[in-house]
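Chemist: Sharing a structure, written as structure tokens. Questions coming.
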Amino acid sequence: MSTSQQKTSWWLPPLIAGAGLLALWYAVIAIFGIPTYLLPKPHEVIAALWRERAALFPAALHTGGAALVGFATAVIGGVMVALALASSRWLKSALYPWVLVVQMIPVVVMVPIFVIWFHAGLRSITAIAFMISFFPVVASTTLGLVSTDRGLLELFTVLQASKWQEIFRLRLPYALPYFLSGVKIAATLAPIGAISGEFLAGTTPDSLGYLLLIYRSDPGKMPEVFAIALVACLLGFLFVGAVRWLSWSLLHHWHESERSGE
Amino acid sequence: MTAQRAASVAIESLGKRFPEGPGVLANVTLSAQPGDFVAFIGPSGCGKTTLLRLLAGLTPPSSGAVTIDGVVPTEARERLSFIFQEPTLLPWLTTRRNVELPLELGKQTEDKQTGRVEELLKLVGLENAAEQYPRQLSGGMKMRVSLARALMRQPGLLLLDEPFAALDEMTRNRLNEDLLRLREQAPFTAFFVTHSVSEAIFLSNRVFVLAANPGRIAGEITVQAPYPRTAEWRESVDYQRLVARATAMLRQTQGRS
Chain Z
1 MSTSQQKTSW WLPPLIAGAG LLALWYAVIA IFGIPTYLLP KPHEVIAALW
51 RERAALFPAA LHTGGAALVG FATAVIGGVM VALALASSRW LKSALYPWVL
101 VVQMIPVVVM VPIFVIWFHA GLRSITAIAF MISFFPVVAS TTLGLVSTDR
151 GLLELFTVLQ ASKWQEIFRL RLPYALPYFL SGVKIAATLA PIGAISGEFL
201 AGTTPDSLGY LLLIYRSDPG KMPEVFAIAL VACLLGFLFV GAVRWLSWSL
251 LHHWHESERS GE
Chain B
263 MTAQRAASVA IESLGKRFPE GPGVLANVTL SAQPGDFVAF IGPSGCGKTT
313 LLRLLAGLTP PSSGAVTIDG VVPTEARERL SFIFQEPTLL PWLTTRRNVE
363 LPLELGKQTE DKQTGRVEEL LKLVGLENAA EQYPRQLSGG MKMRVSLARA
413 LMRQPGLLLL DEPFAALDEM TRNRLNEDLL RLREQAPFTA FFVTHSVSEA
463 IFLSNRVFVL AANPGRIAGE ITVQAPYPRT AEWRESVDYQ RLVARATAML
513 RQTQGRS
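Going down the list, the protein sequences come from chains Z and B.
If you count by the numbering used here, then the first sequence holds residues 1 to 262, one letter each, in order.
If you count by the numbering used here, then the second sequence holds residues 263 to 519, one letter each, in order.
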């Protein structure tokens with residue numbers, strides 16, 4: 001296959017499928033006569049997006065900002081906790097199972113607790129984004145740090161590497177693909193967590209979740225509700241896209257996970 | 263860095279047993295002169311690998327002692343290099359950076375060795391693969407990187423744990439010849455563990471046949487052919503005769519255990 005063919009082939013199929021899905025969307029509405037207040041037409045969603053831009057844009061910025069701050073602190077804190085867990089066999093065996101258990105707590109339960117602690121502002125939303133991102137990072141990074149190849153560890157022993165060199169030159173790079181797979185999960189969850197938090201808390205001003213509450217109470221605003229879905233989707237895409245790019249640029253030289261399609 | 267002199271090794275009634283297991287090694291005694299190329303052959307479970315790990319200080323002995331130039335292995339680490347069964351390359355480093363690794367770690371930070379890296383890459387025939395990553399290299403090339411890395415510190419003692427076992431015979435023969443050629447450049451004492459009788463005879467001046475359960479020395483064969491040895495050495499009658507003798511000795515020990 002020539003390179004130009006390979007270049008066009010990755011974006012052409014999803015584009016065709018996307019156009020097909022849009023056509024299907026219109027067709028379903030026309031055939032079954034579905035009213036706008038149940039399912040708006042795609043162009044009505046775009047129109048609503050443009051009409052409400054003055055509200056949607058700052059809301060997306062606030063929600064995205066809260067998600068980003070929560071996500072970033074979760075990544076930094078997660079790596080530090082993972083390093084602590086991996087440094088001691090006892091700590092790891094005592095605490096790692098709890099990391100997995102705490103991950104099971106649904107956001108719905110945490111929201112009222114965080115609202116009581118931090119009030120309904122962006123602080124509690126940041127806390128929710130943090131909480132939802134933190135544990136995947138801890139779990140995957142710890143796993144990566146403790147599964148360092150035994151042969152490589154012995155090589156470092158024979159080469160008289162210091163404890164610090166073993167961590168920074170071997171364990172951390174070895175754990176990088178594990179860490180990034182955790183960060184990918186966190187990047188998907190952080191914006192979802194933030195919007196769900198705003199929606200459930202109900203009183204976070206200038207946020208996507210709050211706008212959602214307002215729009216859905218008005219049956220005429222169904223296109224606006226869909227516009228929020230679109231904005232949330234773009235926000236998530238930004239998060240995941242950034243992490244995917246980071247992962248690719250760090251790993252594609254040497255790691256199989258970023259070598260597909262070669 | 264001044265080239266290190268080949269090391270002497272003394273092994274005194276060395277024994278190793280793991281908790282709630284049978285003895286792995288019992289009462290092994292031998293001494294190696296500087297420049298000796300010592301091979302160990304024996305059945306699986308005869309403690310060959312354990313013997314090398316004891317020599318590298320990667321595991322403590324249960325009884326007896328090992329000394330390298332008169333000191334215990336953990337204090338002789340800057341004098342020894344270990345080549346593992348696997349190439350154990352860092353996948354995120356290029357060939358060149360992998361070879362440089364011993365200089366970046368440990369205590370020998372003051373050396374400027376760029377010339378040495380180029381020289382080693384050339385010696386193992388990897389000067390064109392210097393900027394490639396391990397996943398781009400074949401099994402034989404990876405082992406060459408591992409070899410170059412081990413020689414980076416100019417070791418007095420080189421420990422090799424079945425380094426070429428996973429390679430095809432042609433590549434293995436080439437690497438054996440290369441190993442001896444590299445030894446001409448910078449002499450070192452070598453302890454080589456292998457399953458292959460022909461490899462042991464080709465490389466060594468002393469071949470120890472080990473018996474299992476527990477691992478112990480069953481016999482020694484001296485190979486008097488002078489170095490440098492080349493591929494022609496494999497064609498000689500002497501070589502064939504020694505391979506036959508070692509094979510017979512190995513069969514005998516396996517029959518006994």
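C-beta: ideal position from N, C-alpha, C; glycine also.
#1: Would a check of beta-carbon distances place L444/B closer than 8 Å to chain Z?
#2: Which ranges would you report for the beta strand (DSSP E) in the region 439 to 499 of chain B if only whole runs of at least 3 residues count?
#3: Name the two residues that bound the continuous beta strand (DSSP E) containing I303/B.
#4: How should D500/B be labelled, buried or exposed, when 16 other C-beta atoms within 10 angstroms of its C-beta is the threshold for buried?
#5: What separation, rounded to the nearest whole angstrom, lies between the Cα atoms of L437/B and F179/Z?
#6: So with Cβ pairs under 8 Å, would you call A175/Z a contact of chain B?
#7: For W495/B, return the contacting residues in chain Z, with the cut-off set at a CB-CB distance below 7 Å.
#8: Is it true that the CB of T203/Z sits closer than 8 Å to the CB of A127/Z?
#9: Check the Cβ-Cβ distances between W254/Z and every residue of chain B, and say whether any is below 8 Å.
#10: Answer yes if the region 470 to 489 of chain B comes into contact with the region 303 to 319 of chain B, meaning at least three C-beta pairs across the two stretches below 8 Å, and no otherwise.
#11: Can you grab the Cα-Cα spacing for the pair I273/B / L365/B, in whole Å?
#12: When you compare only the Cα positions, how much space is there between I132/Z and R359/B?
#13: What did DSSP end up calling T356/B once you bin it into helix, strand or coil?
#14: List the residues of chain B whose Cβ lies closer than 9 Å to the Cβ of E269/Z, in chain order.
#15: Skipping 5 residues on each side, what residues in its chain have a beta carbon closer than 6 Å to that of D149/Z?
#16: If you drop the 5 nearest sequence neighbours on each side, which residues of the same chain put their C-beta closer than 6 Å to that of A410/B?
#17: Applying a beta-carbon distance threshold of less than 8 Å, which residues of chain B neighbour T73/Z?
#18: Thinking just about the alpha-carbon of each residue, which of T515/B, I483/B, G402/B, R415/B is nearest to the one in A301/B?
#19: With a threshold of 8 Å between beta carbons, is Q165/Z in contact with chain B?
#20: Assign V334/B to one of three DSSP states: helix, strand, or coil.
#21: Would you kindly check if the distance between the Cβ of V328/B and the Cβ of T451/B is under 8 Å?
#22: So what does DSSP say about S343/B, is it helix, strand or coil?
#23: Using a Cβ-Cβ cutoff of less than 8 Å, which residues in the same chain neighbour S93/Z once the five nearest sequence positions on both sides are dropped?
#24: Does DSSP put I273/B in a helix, in a strand, or in coil?
#25: Relative to the alpha-carbon of T63/Z, which residue among E258/Z, G236/Z, V45/Z has its alpha-carbon at the smallest distance?
#26: Please determine, among P353/B, G285/B, G332/B, D331/B, the residue with the shortest C-alpha to C-alpha distance to L313/B.
#27: Taking 8 Å as the threshold (beta carbon to beta carbon), is E340/B in contact with chain Z?
#28: Counting pairs of Cβ atoms below 8 Å between the region 242 to 259 of chain Z and the region 285 to 297 of chain B, do you hit three or more?
#29: Taking Y489/B as the query, report the chain Z residues whose CB atoms sit under 8 Å from its CB, ordered along the chain.
#30: Are the Cβ atoms of T356/B and E393/B separated by less than 8 Å?
#31: Under 8 Å, Cβ to Cβ, is there at least one residue of chain B near G157/Z?
#32: Using a Cβ cut-off of 8 Å (strictly closer), state whether R89/Z contacts chain B.
#33: How big is the Cα-Cα spacing for A269/B and L421/B?
#34: In terms of residues, what are the limits of the beta strand (DSSP E) holding S293/B?
#35: In angstroms with no decimal places, state the Cα-to-Cα distance between K221/Z and Y96/Z.
#36: Counting only C-beta atoms, is A120/Z closer than 8 Å to chain B at any point?
Modeler: On the basis of the data shown:
#1: Numbered from its first residue, the second sequence carries residue 444/B at position 182. Not one chain Z Cβ lies under 8 Å of L444/B.
#2: 451 to 456, 468 to 473, 478 to 484
#3: Against the second sequence, residue 303/B aligns to sequence position 41. Element bounds for I303/B: 299 to 303.
#4: Here residue 500/B is taken as the residue at index 238 of the second sequence, counted from 1. The residue is exposed, with fewer than 16 neighbouring Cβ atoms inside 10 Å.
#5: Position 175 of the second sequence, counting from 1, holds the residue named residue 437/B. Position 179 of the first sequence, counting from 1, holds the residue named residue 179/Z. C-alpha separation (whole angstroms): 38 Å.
#6: As a position in the first sequence, residue 175/Z is number 175, starting the count at 1. No, its Cβ sits nowhere closer than 8 Å to a Cβ of chain B.
#7: In the second sequence, residue 495/B corresponds to position 233, counting from 1. Residues of chain Z passing the Cβ test: none, with the nearest at roughly 31 Å.
#8: Here the question's residue 127/Z lines up with position 127 in the first sequence. Here the question's residue 203/Z lines up with position 203 in the first sequence. It is not a contact, given that the beta carbons lie outside the stated cut-off.
#9: Reading the first sequence from its first residue, position 254 is the one you call residue 254/Z. Cβ-Cβ to chain B under 8 Å: yes for W254/Z.
#10: yes
#11: Here residue 273/B corresponds to residue number 11 of the second sequence, with the count starting at 1. Here residue 365/B corresponds to residue number 103 of the second sequence, with the count starting at 1. Spanning the two alpha carbons is a distance of roughly 29 Å.
#12: The residue labelled residue 132/Z in the question sits at position 132 within the first sequence. The residue labelled residue 359/B in the question sits at position 97 within the second sequence. Roughly 39 Å separates the two Cα atoms.
#13: Position 94 of the second sequence holds residue 356/B. Of the three classes helix, strand and coil, the one that applies to T356/B here is coil, per DSSP.
#14: With chain Z covering 1 to 262 only, the question about residue 269/Z has no answer from this structure.
#15: What you label residue 149/Z is simply residue 149 of the first sequence in a count that begins at 1. There are no such residues.
#16: Your numbering for residue 410/B matches position 148 in the second sequence. V361, L382, V386.
#17: Residue mapping note: residue 73/Z aligns to position 73 of the first sequence, counting from 1. Ordered by position in chain B, no residue passes the 8 Å Cβ test against T73/Z, which lies about 27 Å from the chain.
#18: Position 39 of the second sequence, counted from the first residue, corresponds to residue 301/B. It is I483/B whose Cα lies nearest to the Cα of A301/B.
#19: Counted from its first residue, the first sequence places residue 165/Z at position 165. For Q165/Z, the answer is yes, since a Cβ of chain B falls inside 8 Å of its Cβ.
#20: Counting from 1 along the second sequence, the entry for residue 334/B is found at position 72. V334/B: coil per DSSP, three-state reduction.
#21: In the second sequence, counting from the first residue as 1, residue 451/B sits at position 189. In the second sequence, counting from the first residue as 1, residue 328/B sits at position 66. Not a contact, by the Cβ cut-off of 8 Å.
#22: For this step, residue 343/B is matched to residue 81 along the second sequence. It is a strand residue.
#23: The residue labelled residue 93/Z in the question sits at position 93 within the first sequence. No residues qualify anywhere along the chain.
#24: If you number the second sequence from 1, residue 273/B lands on position 11. Of the three classes helix, strand and coil, the one that applies to I273/B here is strand, per DSSP.
#25: On the first sequence, residue 63/Z is found 63 positions in, with the first residue counted as 1. Closest option to T63/Z, Cα to Cα, is G236/Z.
#26: The count along the second sequence starts at 1 and reaches residue 313/B at position 51. That would be G285/B, whose Cα lies nearest to the Cα of L313/B.
#27: Numbered from its first residue, the second sequence carries residue 340/B at position 78. Yes, contact with chain Z.
#28: no
#29: Here the question's residue 489/B lines up with position 227 in the second sequence. Those within 8 Å of Y489/B in chain Z number zero; the least Cβ separation is about 26 Å.
#30: Here the question's residue 356/B lines up with position 94 in the second sequence. Here the question's residue 393/B lines up with position 131 in the second sequence. The answer is yes: Cβ separation under 8 Å.
#31: Taking the first residue of the first sequence as position 1, residue 157/Z is located at position 157. It is Thr, not Gly, that sits at residue 157/Z in the sequence shown. Judged by the 8 Å Cβ criterion, T157/Z is in contact with chain B.
#32: Within the first sequence, residue 89/Z is the residue found at index 89, counting from 1. Cβ-Cβ to chain B under 8 Å: no for R89/Z.
#33: Within the second sequence, residue 269/B is the residue found at index 7, counting from 1. Within the second sequence, residue 421/B is the residue found at index 159, counting from 1. Approximately 12 Å, taken between the alpha carbons.
#34: Locating residue 293/B in the second sequence gives position 31, where the first residue counts as 1. Note, S293/B: beta strand (DSSP E), 285 to 294.
#35: As a working mapping, residue 221/Z is identified with position 221 in the first sequence. As a working mapping, residue 96/Z is identified with position 96 in the first sequence. About 46 Å.
#36: For this step, residue 120/Z is matched to residue 120 along the first sequence. It does not: the Cβ of A120/Z has no partner Cβ on chain B nearer than 8 Å.
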